[in-house]
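Visitor:
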Amino acid sequence: MKRLTIGVELASNASILFLDEPTSGLDARAALRIMKGLTEVAKSGRTVVCTIHQPSSEVFKMFDQLLLLKRGGHTVYFGPLGTGSAHLIEYLEAIPDTPAIKPGHNPATWMLEVIGAGTAAGAVEKDFAALYSASVAKTDMLTVLQEESNMKRAEMVFTRKCAADPNVQCKLVLQRFVRMYWRTPSYNLTRILINVALSILFGIIYCQTTYSSFSGLNAGVGIVFLASLFIGMMGFNNVLPLYVQERASFYRERACETYSAVWYFLGSTLIEIPYVFVSVVVFSVIFYPFVGFVGWSQGVLFTIYLFLFVLMQVYFGQLLACALPSIEVASTIGGLISSIFFLFMGFNPPTSQIPAGLQWLNTIVPPKYALSLLVSAAFATCENPNDLGCATMSDVPLSLIVYKFNNAPKVTVKQYIETMFQMHSSDAGSNVAVLCGCIAAFRLLGFL
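Below, the structure is given as structure tokens:
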């Protein structure tokens with residue numbers, strides 16, 4: 001219990017510790033352990049002041065300075081003990097009629113007997129307080145105290161805000177995020193399991209869909225839209241409680257200049273990448289073949305595009321968690337913004353049917369570029385005859401053939417996607433650049 005109390009005081013980073021009889025009630029072994037600990041504290045630069053009652057010789061020799069009082073609180077001796085209490089013994093033995101200390105005798109017990117505070121006989125009938133007041137020892141002590149009080153201490157100059165080197169800060173903050181995420185399965189394992197469940201559910205519903213038909217193709221675009229909506233919103237909502245909870249620690253540690261904010265935001269940025277990637281790969285590996293999409297290379301591109309989109313949504317959640325005061329506010333504002341995003345992504349209504357006055361909304365919403373990448377990867381690729389994008393559509397309404405396709409004899413899946421939804425595989429490079437720009441912008445705004 002005593003060590004716990006001392007530890008609490010050390011945690012407050014006090015420059016001086018006052019202890020009242022820290023060894024009382026302890027056996028010799030425990031008392032020695034306590035005093036050895038206090039000796040280490042003193043070596044660290046802290047001043048340790050403690051009262052002590054009848055210390056053993058092992059404990060007594062650990063002290064550097066001694067303030068010896070008699071009844072009434074009068075000072076009998078104040079000064080250094082010296083090796084083996086040599087200074088104290090020399091001072092007391094210099095007083096006439098003081099009995100010399102016997103070999104092997106405890107100096108602490110002997111000094112108490114000499115001044116009449118001990119339990120054995122041997123006290124000297126002298127006023128030790130008056131003798132000390134007139135002694136050279138007191139004069140020397142006052143001189144030392146006066147010199148220390150007049151000493152001009154050099155101003156402390158710090159070359160940098162944080163004590164640790166930037167490389168050390170970066171390493172430790174990254175290690176902290178790695179351990180925190182590894183120890184938070186409620187966040188990371190949950191999103192992987194939900195992705196597995198969603199991919200199986202979507203696969204069961206759409207596994208028999210014929211995407212070369214008019215209704216089947218629209219259903220296919222719809223499932224891509226729903227998949228991106230569910231996975232993206234799950235990433236956004238799941239990160240809010242974790243990040244808001246961690247934000248309190250960040251504010252406290254930044255106030256103490258424990259580390260630079262740069263390393264914290266770098267850590268929170270990098271740690272999400274592997275977990276988002278794993279969860280998206282698990283989803284795509286089940287979802288893509290299960291719903292009947294074809295093409296190995298298109299599946300890889302689909303996974304990469306979905307990864308970028310989910311990562312953007314996670315960073316968007318981190319941004320709102322940083323900028324807004326609570327989870328509730330961040331969730332409400334984020335839900336409102338996401339609703340606008342998903343409404344103008346270009347699925348329902350299709351991009352070609354959005355009124356001209358609202359086309360600018362379709363242009364500025366980031367998820368639109370993700371949906372364009374995902375849909376074009378699945379349906380608008382026509383590099384060889386076996387690709388789904390090269391298939392001829394069936395059951396296309398005559399009105400669409402007349403007004404949208406200029407009475408074309410046949411309409412391919414690629415043509416329908418590019419005409420109705422205006423999602424072109426040739427725009428993949430620019431769309432990826434927009435997504436990466438949004439990711440960078442969300443992280444930069446979160447840092448600011």
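In full-length UniProt numbering, the protein residues as written are 1 to 448.
Where a beta carbon is used, it is the ideal one built from N, C-alpha and C, also for glycine.
May I ask you to report which of helix, strand or coil DSSP gives residue 364?
Guide: It is helical.
Visitor: When the Cβ atoms of the segment 411-421 are set against those of the segment 373-390, are three or more pairs found closer than 8 Å?
Guide: Touching, per the Cβ criterion.
Visitor: Are the Cβ atoms of residue 265 and residue 317 separated by less than 8 Å?
Guide: Against a cut-off of 8 Å, the Cβ pair of residue 317 and residue 265 comes out as no contact.
Visitor: Buried or exposed for residue 96, going by 16 or more other Cβ atoms inside 10 Å?
Guide: Classification of residue 96: exposed, given that the 10 Å Cβ count is below 16.
Visitor: Look up residue 20 in the DSSP assignment and give the residues it is bridged to.
Guide: Looking at the DSSP assignment, residue 20 forms a beta bridge with 51.
Visitor: Terminal residues of the continuous alpha helix (DSSP H) containing residue 259?
Guide: Counting along the chain, residue 259 falls outside any alpha helix (DSSP H), and DSSP gives it neither H nor E.
Visitor: Just curious, the beta strand (DSSP E) that residue 75 is in, first and last residue?
Guide: Run containing residue 75: 75-80, per the beta strand (DSSP E) assignment.
Visitor: For residue 251 and residue 394, what's the separation of their Cα atoms in angstroms?
Guide: Rounded to whole angstroms, residue 251 to residue 394 spans 60 Å at the Cα level.
Visitor: Counting only beta-carbon separations shorter than 8 Å, does residue 321 have a partner in chain D?
Guide: Of the chains in the structure shown, none is chain D; there is only one protein chain.
Visitor: Return helix, strand or coil for residue 381, following the three-state DSSP convention.
Guide: DSSP places residue 381 in coil when its eight states are reduced to three.
Visitor: Just to confirm the assignment, what range does the beta strand (DSSP E) spanning residue 175 have?
Guide: Note, residue 175: premise wrong, no beta strand (DSSP E); alpha helix (DSSP H) at 166-182.
Visitor: Within 10 Å of its beta-carbon, does residue 272 have 16 or more other beta-carbons around it, so buried, or fewer, so exposed?
Guide: It is buried - the Cβ of residue 272 has at least 16 other Cβ atoms within 10 Å.
Visitor: Determine the contact status of residue 345 and residue 439, defining contact as a CB-CB distance below 8 Å.
Guide: In this structure, residue 439 does not lie closer than 8 Å to residue 345 by Cβ.
Visitor: Got a sec, what are the start and stop residues for the alpha helix (DSSP H) residue 298 sits in?
Guide: Counting along the chain, the alpha helix (DSSP H) containing residue 298 begins and ends at 296-323.
Visitor: Rounded to a whole number of angstroms, what is the C-alpha to C-alpha distance between residue 283 and residue 219?
Guide: Answer to the nearest angstrom: the Cα atoms are 19 Å apart.
Visitor: So for residue 392, helix, strand or coil by DSSP?
Guide: Strand.
Visitor: Please report the straight-line C-alpha distance between residue 221 and residue 335, rounded to a whole angstrom.
Guide: Rounded to whole angstroms, residue 221 to residue 335 spans 23 Å at the Cα level.
Visitor: Out of curiosity, what's the CA-to-CA distance linking residue 288 and residue 299?
Guide: Rounded to the nearest angstrom, the two C-alpha atoms are 7 Å apart.
Visitor: Exposed or buried, residue 92, counting other C-beta atoms within 10 Å across all chains shown (16 or more means buried)?
Guide: The residue in question, residue 92, is buried, as its Cβ has 16 or more Cβ neighbours within 10 Å.
Visitor: Which same chain residues end up closer than 8 Å to residue 166 when comparing Cβ atoms and leaving out the 5 residues on each side of it in sequence?
Guide: The answer, listed in chain order, is 260, 263.
Visitor: If I follow the unbroken alpha helix (DSSP H) through residue 415, where does it start and stop?
Guide: From DSSP, the alpha helix (DSSP H) with residue 415 extends over 413-416.
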